[in-house]
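Trainee: Before I ask anything, here is the structure I am working with.
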Amino acid sequence: MVKIAWNNTTLHANPGDTVAAALYRHGIMSIASTRKLHEPMGYSGSYVGGVLARVDGRPNIRLDQQPVRDGMRVESQNRWPSASCDLLSLARFLPPQWVYGGFEHGRFTPRHGRAYLLWERLLAYLAGVSQPPPRAQAVSERPARKLSVDVLVAGGGPAGQKAANDIARTGRTVALVSRGTTLGRYAQAMGGPSPALHKDVIVLSGMELCGSYRRGRLLIAAPVEYDRGAVAIETGSLVLATGKSSMPPMVRNSHRPGVMDAHTALLLGHFHAIPVGKAIAVVGTGAETMVAQRLTYLGSSVAYCGNVSKLIRIHGHSQVTGIDIGNRRIRCDAVVHAGAWRSDPSLAFQAQAEGVLQVSDVMSADIDISRVGFCQETDQDIHVPDKMDPALRICPCMDVTAGELTNLIDRKIRDPEILKRLTSCGMGPCQGFPCWESMLALLAKRTGQPMNSLVRPSHRPPRRALTVAQAAGLYDVVEPL
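Position one of the sequence shown corresponds to residue 1 (the numbering used here), numbered consecutively onward.
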């Protein structure tokens with residue numbers, strides 16, 4: 001057994017657990033809060049902001065990627081004066097219209113002088129970075145390194161492993177980047193096999209491609225662990241095998257603790273032996289039955305399984321208490337969504353954008369970009385109800401609601417880039433995914449345009465956290481232009 005401290009309370013965790021899994025095992029579902037109205041968020045798999053906390057004095061650590069360690073101290077961020085007495089939660093009673101545009105664009109925001117400095121300090125506190133990490137931990141002990149390969153494969157699932165094997169057999173050099181320390185985690189969680197990897201494939205596990213530079217020729221892989229160095233990768237071809245992610249339902253309270261994507265729910269059940277709930281609802285776009293059956297096998301009890309388009313509302317505050325399906329209320333303690341499925345477009349976007357506001361049709365990458373597996377299939381449309389609840393969080397981390405976006409759209413402000421800048425939608429730790437997918441779906445519904453005809457906001461690197469020390473380490477391995 002491993003002992004960790006959560007907000008000064010000692011908890012027992014199993015070796016191999018992530019901190020988020022250990023907290024969920026103890027029934028602790030509310031980990032963080034939204035930035036403005038301070039509503040509870042938790043381990044969802046959709047919103048990074050829901051799992052950020054301070055670990056041993058270091059802020060903004062992802063608890064879903066942080067393994068437990070004996071004696072580890074974990075604390076909630078942006079709670080005042082303490083985690084047990086959070087007066088900032090009173091902001092939940094503010095009318096949402098008061099914080100339209102975010103703290104940066106608010107009508108009452110100080111513009112200069114001492115009031116401005118105090119305001120900036122408050123914003124840093126709300127973002128969880130008001131206290132810097134201990135100085136002794138500030139510098140990475142492992143320098144960055146550089147790698148040159150013929151082909152880079154992004155994604156460690158069966159499709160990515162097969163693509164890497166096929167490339168290695170042709171004699172070309174190939175590297176495989178996997179976010180998980182275990183390859184093919186989702187396939188294993190679903191009970192499927194993973195292929196054996198060719199001996200010549202270079203594996204970079206526990207890392208994520210955070211940015212594409214120089215029109216795709218240079219990619220940076222950021223390690224999950226802050227004390228590891230980053231990797232700069234030069235390549236002539238990029239194979240995307242990143243699969244697809246399930247989009248949160250476009251209904252009220254879909255950001256609450258206890259609402260999670262199928263990937264997260266299956267990992268909890270398979271690798272940590274933690275049932276998602278005693279009575280769960282599984283919704284989706286066709287895969288919900290298969291996911292529900294697997295979750296039942298892993299110890300959860302399914303109270304409802306059906307198409308996501310029938311979901312009207314999710315009930316609960318710090319924990320799910322039920323859902324509305326039409327005129328029927330179903331009691332449940334968790335909601336798992338399995339679709340609509342969409343691919344994260346940021347890497348391919350970055351390879352072509354090269355710093356412009358939005359990608360033009362004439363721009364192209366200097367490398368070959370291909371897709372394999374689920375990633376190459378057409379993205380599914382996101383179901384948007386005819387009657388949109390204005391309280392729905394389109395971007396929970398930044399408290400951007402459907403009402404705020406609808407207000408701007410009805411005023412003829414319909415450029416996604418402008419909507420992003422006016423509301424701060426997608427400008428939190430999630431870096432636009434899945435928030436921009438929901439924003440574009442709402443815009444398409446409101447204006448009658450096809451979603452795929454809308455020009456996306458700019459996906460700029462880094463797309464995930466990269467420490468200052470890791471970025472500084474790249475100085476010696478990346479040659480200037």
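We put the CB at the ideal spot given by N, CA and C, even for glycine.
(1) Could you give the DSSP three-state label for Met247: helix, strand or coil?
(2) So who's on the other strand from Ser178, going by DSSP bridges?
(3) Taking just the CA atoms, how far does Ser148 sit from Ser309?
(4) Sorted by chain position, which residues of the same chain lie with C-beta nearer than 6 Å to Ala91's C-beta, five sequence neighbours on each side aside?
(5) What residues in its chain sit with their C-beta under 6 Å from that of Ala164, if we drop five residues either side in the sequence?
(6) Skipping 5 residues on each side, what residues in its chain have a beta carbon closer than 6 Å to that of Thr235?
(7) Alpha carbon to alpha carbon, what distance is there between Asp344 and Thr378?
(8) Please work out which residues of its chain come closer than 7 Å, Cβ to Cβ, to Gln65, disregarding the five sequence neighbours upstream and downstream, and give them in chain order.
(9) Quick check: the stretch 66-74 against the stretch 452-467, are there 3 or more CB pairs under 8 Å?
(10) Taking Val51 as the reference, which of Gln449, Lys420, Arg172 and Pro396 has the closest Cα?
(11) Find out if the Cβ-Cβ distance for the pair Cys375, Gly243 is shorter than 8 Å.
(12) Quick one: give me the first and last residue of the beta strand (DSSP E) that Glu483 is part of.
(13) For Gln341, which of His315, Val283 and Ile323 has the nearest alpha-carbon?
(14) Going by other Cβ atoms of all chains shown within 10 Å of its Cβ, with 16 needed for buried, is Gly12 buried or exposed?
(15) Which complete beta strand (DSSP E) runs does the stretch 239-306 hold, if anything under 3 residues is left out?
(16) From which residue to which residue does the beta strand (DSSP E) around Val468 run?
(17) Within the continuous beta strand (DSSP E) that includes Asn60, where are the two ends?
(18) In this structure, how does DSSP classify Lys146 when only helix, strand and coil are distinguished?
(19) If you draw a straight line from the C-alpha of Ala287 to the C-alpha of Ser237, how long is it?
(20) Ser424 to Ser245, Cα distance in whole Å?
(21) Which residue wins for smallest C-alpha separation from Pro132, given the options Asp399, Pro461, Gly277 and Gln77?
(22) In this structure, does DSSP put Leu392 in helix, strand or coil?
(23) So His317 packs on Arg414, CB below 8 Å; how close in whole Å?
(24) May I have the straight-line CA-CA distance separating Gly269 from Met41, to the nearest angstrom?
(25) Under DSSP, the alpha helix (DSSP H) around Tyr158 begins and ends at which residues?
(26) If you reduce the DSSP assignment to three classes, tell me which class Val48 lands in.
(27) Keeping to the same chain, check which residues put their C-beta closer than 8 Å to that of Val372; ignore five residues upstream and five downstream.
(28) By the 10 Å Cβ neighbour count, where 16 or more other Cβ atoms means buried, how is Asn8 classified, buried or exposed?
(29) Within 10 angstroms of the Cβ of Ile418, are there 16 or more other Cβ atoms? Answer buried if so, exposed if not.
(30) Can you list, in chain order, the residues of its chain with a C-beta nearer than 8 Å to that of Arg252? Leave out the 5 residues immediately preceding and following it.
(31) Can you tell me whether DSSP reads Glu354 as helix, strand or coil?
(32) Could you please give the first and the last residue of the uninterrupted alpha helix (DSSP H) stretch that includes Thr447?
(33) Buried or exposed: Asp368, going by 16 or more other Cβ atoms within 10 Å of its Cβ?
(34) Indicate whether Gly156 and Gly191 have their beta-carbon atoms separated by less than 8 Å.
(35) Which value, in whole angstroms, describes the spacing of the CA atoms of Val335 and Ile280?
(36) Measuring straight from C-alpha to C-alpha, what distance separates Leu466 and Val48?
Mentor: Working from what's here:
(1) Met247: coil per DSSP, three-state reduction.
(2) Under DSSP, Ser178 shares a beta bridge with Ser205.
(3) Near 46 Å, if we compare the C-alpha coordinates of Ser148 and Ser309.
(4) Excluding sequence neighbours, Ala91 sits near Leu37 and His38.
(5) So the list reads Val153, Val174, Leu176 and Val201, once near-sequence residues are dropped.
(6) In the same chain as Thr235, and ignoring 5 residues on each side of it, the C-beta atoms closer than 6 Å to its own belong to Val149 and Leu152, in chain order.
(7) Computed Cα separation, rounded: 12 Å.
(8) For Gln65, same chain residues with a beta-carbon under 7 Å away, outside a window of 5 residues either side, are Thr18 and Val224 in chain order.
(9) The answer is no - the stretch 452-467 does not touch the stretch 66-74, with fewer than three Cβ pairs under 8 Å.
(10) Ranking the options by Cα distance to Val51, first place goes to Pro396.
(11) Yes. Within cutoff.
(12) Missing from the structure shown is residue 483; the chain here goes from 1 to 481 and no further.
(13) Per the sequence shown, the amino acid found at residue 341 is Trp instead of Gln. Comparing Cα-Cα distances from Trp341 to each of His315, Val283 and Ile323, the minimum goes to Val283.
(14) It is worth fixing the name first, because residue 12 is His in this sequence and not Gly. Burial is judged here by how many other beta carbons sit within 10 angstroms of a residue's own beta carbon; His12 has fewer than 16 and is exposed.
(15) Scanning the stretch 239-306 for uninterrupted beta strand (DSSP E) segments of 3 residues or longer gives 259-261 and 280-284, listed from N- to C-terminal end.
(16) No beta strand (DSSP E) contains Val468, which is instead part of the alpha helix (DSSP H) from Val468 to Gly473.
(17) Asn60 -> beta strand (DSSP E) spans Arg58 to Arg62.
(18) Three-state DSSP puts Lys146 in a strand.
(19) Cα to Cα, Ala287 sits roughly 32 Å from Ser237.
(20) So the two alpha carbons sit approximately 22 Å from each other.
(21) Minimum Cα distance to Pro132 is reached at Gln77.
(22) Correct three-state label for Leu392: coil.
(23) Not quite, the Cβ-Cβ distance comes to about 33 Å (not below 8 Å), so this is no contact.
(24) Cα to Cα, the separation comes out at about 20 Å.
(25) Correcting the residue type first, residue 158 is Pro in the shown sequence and not Tyr. Looking at the DSSP string, the run of the alpha helix (DSSP H) that includes Pro158 is Pro158 to Arg169.
(26) Helix.
(27) The answer, listed in chain order, is Ala159, Gly160, Lys162, Ala163, Val239, Leu240 and Ala241.
(28) It is exposed - the Cβ of Asn8 has fewer than 16 other Cβ atoms within 10 Å.
(29) Under a 10 Å Cβ-count criterion, Ile418 is classified as exposed, with fewer than 16 other Cβ atoms of the shown protein chains found around its own Cβ.
(30) Cβ contact annotation for Arg252 (same chain, cutoff 8 Å, sequence separation greater than five): Arg313, Ile314, Asp389, Ala391 and Leu392, in chain order.
(31) The pLDDT assigned to Glu354 is 48, lower than 50, so where the model puts this residue is not dependable; a value taken from the coordinates is nonetheless given after this. Three-state DSSP puts Glu354 in coil, outside helix and strand.
(32) Following the DSSP letters along the chain, one finds Thr447 inside the alpha helix (DSSP H) bounded by residues Cys435 to Thr447.
(33) Counting Cβ neighbours within 10 Å, Asp368 comes out exposed, since fewer than 16 surround it.
(34) No, the pair does not count as a contact, with Cβ atoms beyond the cut-off.
(35) Straight-line spacing of the CA atoms in Val335 and Ile280 works out to 6 Å.
(36) When rounded, the distance between both Cα atoms is 14 Å.
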